[in-house]
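No gaps in the numbering here: position 244 of the sequence shown is 307 in the working numbering, and each next residue is one more.
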Amino acid sequence: MTSALIALAAPAAVSPARLIPAALVGIALIVLLITYFKVHPFLSLTLGSLAVGAIAGLPMADTITSFTTGFGSTAAGVGTLIALGAMFGKLLADSGGADEIVDTIVGRSSPRSLPWAMAAVGALIGLPMFFEIGLVLLMPVIFLVARRSGLSLVRVGIPALAGLSVMHGLVPPHPGPLVAIDALKADLGITLALGVLVAIPTVAVAGPLFSKYAARWVDVPPPELFEAKPGAEGARRPSFPVTLATVLLPVVLMMGKALADIFAAEGNAVRTVLDFLGTPLVALLLAVIVAMFTLGGGAAMDKKAIAKSLEQSLPPIAGILLIVAAGGGFKQTLIDTGIGGLIAGWVENSGLSVLLLAWLVAVLIRLATGSATVATVTASGILAPLVVNLGTGEISLLVLAIGAGSLFFSHVNDAGFWLVKEYFGLTVGQNIKTWSVMETVISVTGLVLVLLLDLVI
Numbered sequence: 064m065t066s067a068l069i070a071l072a073a074p075a076a077v078s079p080a081r082l083i084p085a086a087l088v089g090i091a092l093i094v095l096l097i098t099y100f101k102v103h104p105f106l107s108l109t110l111g112s113l114a115v116g117a118i119a120g121l122p123m124a125d126t127i128t129s130f131t132t133g134f135g136s137t138a139a140g141v142g143t144l145i146a147l148g149a150m151f152g153k154l155l156a157d158s159g160g161a162d163e164i165v166d167t168i169v170g171r172s173s174p175r176s177l178p179w180a181m182a183a184v185g186a187l188i189g190l191p192m193f194f195e196i197g198l199v200l201l202m203p204v205i206f207l208v209a210r211r212s213g214l215s216l217v218r219v220g221i222p223a224l225a226g227l228s229v230m231h232g233l234v235p236p237h238p239g240p241l242v243a244i245d246a247l248k249a250d251l252g253i254t255l256a257l258g259v260l261v262a263i264p265t266v267a268v269a270g271p272l273f274s275k276y277a278a279r280w281v282d283v284p285p286p287e288l289f290e291a292k293p294g295a296e297g298a299r300r301p302s303f304p305v306t307l308a309t310v311l312l313p314v315v316l317m318m319g320k321a322l323a324d325i326f327a328a329e330g331n332a333v334r335t336v337l338d339f340l341g342t343p344l345v346a347l348l349l350a351v352i353v354a355m356f357t358l359g360g361g362a363a364m365d366k367k368a369i370a371k372s373l374e375q376s377l378p379p380i381a382g383i384l385l386i387v388a389a390g391g392g393f394k395q396t397l398i399d400t401g402i403g404g405l406i407a408g409w410v411e412n413s414g415l416s417v418l419l420l421a422w423l424v425a426v427l428i429r430l431a432t433g434s435a436t437v438a439t440v441t442a443s444g445i446l447a448p449l450v451v452n453l454g455t456g457e458i459s460l461l462v463l464a465i466g467a468g469s470l471f472f473s474h475v476n477d478a479g480f481w482l483v484k485e486y487f488g489l490t491v492g493q494n495i496k497t498w499s500v501m502e503t504v505i506s507v508t509g510l511v512l513v514l515l516l517d518l519v520i
């Protein structure tokens, strides 16, 4: 690995003594702009990239080229997947498919098993949807279940939030994992499979198990919000089996590709077909097309309603796309200055676990900026040179370590912190005891599971 790292070292025109200060100043500038001056992360990442290049000694023209190259490649590789994921999630919500999943699972659960059912609901809804969208969809259900069951709002809500958050941080096609996969050149199918493997026990620990204790610390009644609308119960929905099959379709296709790549010989006809169908772009595109018929048709939506749903799915993700692409530009700037290679050499000589380092870097950026996405894209850029001599499975675990770190201790600089606080009607202290601690449990549990998997992969 040493020779490969030397190849990634700083160019001769850039003094190694300037690289670490350049990285620190660039990251500090991004953090300061986002947290203190409230500058949009897109602008913050752009300005941070220019600062890194200038301090490292790169010509400004080269710095701009590095940033735009990274911006464009990330937007091309990840942007289309985020857009397709948003379309799919919007169809799932507008058709009533999300409601059908929730009502079916919750309706078949006893009061004792409700926290586990809510964790399953959160994970299923969180698989195709962004965290904020899934949270808005689940809130009426969380309140209704808490009222009807007599259980604490925290006992019912934390498992659902855990399911949503774990999917958001560890499982593609969410933006964070996708950016890390793109930056580190990880195999999406293998990362997806390992992500699900890590996600299931993580949700169990941070959801139903942790909520038992959190409910003792904080006991609040469900707010009088989201009363059922007259006639809403009679609205036509796609059936549960059809909805579930549609949600799992892209997951099955991408996992099929990963398994075919492992067990089928190259050139095998089945492998060729699965390699095509399991390509992320194709899998998500097929999922959207199928959803137009299974979800849209199942809800008796006409062509105009389906088209409107798809159209309305894109504007809300414009900011996410810009942040993700700018993160790719920042990553490329770090790589082209040689900072990543310098850090890689330091890590190799220090003997520190690459997975632990990845987690720590993501944790620090998460605590400073409050953004899981910014933490993921920045950490991925810093750690990209470390993957040179790593195996396919190890690179996927690196993605998951970064994802786990990006979820650590959500607090007052995270928009999700305030979203949960206001919906649940909690004080800041109560929200820290529940939501913030839950996020920390997810992060630490995820890291432990990643390190355990590293022993056998």
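Glycine is no exception: its CB is placed at the ideal position from the N, C-alpha and C atoms. Bear in mind that the values here come from a model prediction, so they are computed numbers and not experimental data.
Buried or exposed (CB count within 10 angstroms, at least 16 for buried), residue 335 = exposed
By a C-beta neighbour count over all protein chains shown, 10 Å radius and 16 as the cutoff for buried, is residue 486 buried or exposed?
-> buried
Option nearest residue 422 by Cα separation, candidates 373, 387, 503, 259 | 503
Whether residue 141 touches residue 250 by CB criterion (8 Å) = no
On the three-state DSSP scale, how would you describe residue 231?
-> helix
Report the rounded CA-to-CA distance for residue 216 versus residue 186, giving the unit in angstroms.
-> 18 Å
What's the call for residue 123, buried or exposed, on a 16-neighbour Cβ count within 10 Å?
-> exposed
Tell me whether the beta-carbon of residue 194 lies closer than 8 Å to the beta-carbon of residue 147.
-> no
Cβ neighbour criterion (16 or more within 10 Å) applied to residue 90 = buried
Out of curiosity, what's the CA-to-CA distance linking residue 318 and residue 253?
-> 7 Å
Answer yes or no: do residue 268 and residue 223 have a C-beta to C-beta separation smaller than 8 Å?
-> no
The region 428-438 contacting the region 469-485, beta-carbon criterion three pairs below 8 Å = yes
Of the choices 236, 233, 204, whose alpha-carbon is the least far from that of residue 221?
-> 204
How big is the Cα-Cα spacing for residue 272 and residue 413?
-> 37 Å
Nearest neighbour of residue 157, chosen from 375, 240, 399, 450 [CA to CA] | 375
For the region 376-421, list the beta strand (DSSP E) runs that are entirely contained and at least 3 residues long, ordered along the chain.
-> none
Write down the C-beta distance between residue 126 and residue 113 rounded to the nearest angstrom, noting that I regard them as a contact closer than 8 Å.
-> 6 Å
Around the Cβ of residue 339, are there at least 16 other Cβ atoms within 10 angstroms (buried) or fewer (exposed)?
-> exposed
Whole runs of the alpha helix (DSSP H) within the region 431-485, excluding any shorter than 4 residues = 435-446, 455-468
Euclidean distance between Cα positions of residue 393 and residue 86 | 10 Å
Cβ separation of residue 163 and residue 306, assumed to be a contact under 8 Å, to the nearest whole Å = 5 Å
Buried/exposed call for residue 409, threshold 16 Cβ in 10 Å = exposed
Report back the beta-carbon spacing between residue 230 and residue 177 to the nearest angstrom; my notes put them in contact at under 8 Å.
-> Actually they do not touch by this definition, with Cβ atoms about 20 Å apart.
Evaluate residue 100 with the Cβ neighbour count: other Cβ atoms within 10 Å of its Cβ, from every protein chain shown; 16 or more gives buried, anything less gives exposed.
-> exposed
Figure out for me which residue from 107, 372, 309 has the closest Cα to the Cα of residue 349.
-> 309
Report, in whole angstroms, the separation of the C-beta atoms of residue 377 and residue 144, which I expect to be a contact under 8 Å.
-> Going by Cβ atoms, the distance from residue 377 to residue 144 rounds to 13 Å, so no, they are not a contact pair.
Environment of residue 359 [buried if 16+ CB atoms lie within 10 Å] | buried
Between the Cα of residue 343 and the Cα atoms of 460, 506, 284, 313, which residue gives the shortest distance?
-> 313
Please report how far the alpha carbon of residue 170 lies from the alpha carbon of residue 201, in whole angstroms.
-> 15 Å
Going by the beta-carbon positions, is the gap between residue 466 and residue 238 smaller than 8 Å?
-> no
If residue 242 sits next to residue 396, beta carbons under 8 Å apart, how far is it from one beta carbon to the other, in whole angstroms?
-> About 15 Å; that fails the 8 Å criterion.
Which residue spans inside the region 68-144 form an unbroken alpha helix (DSSP H) run of at least 4?
-> 79-98, 104-119, 123-137
Is residue 150 near residue 351, with beta carbons less than 8 Å apart?
-> yes
Buried or exposed: where does residue 298 fall if 16 or more other Cβ atoms within 10 Å of its Cβ makes it buried?
-> exposed
Can you tell which of 274, 270, 236 has the C-alpha that lies nearest to the C-alpha of residue 256?
-> 236
Residue closest to residue 219, alpha-carbon to alpha-carbon, out of 173, 232, 337 | 173
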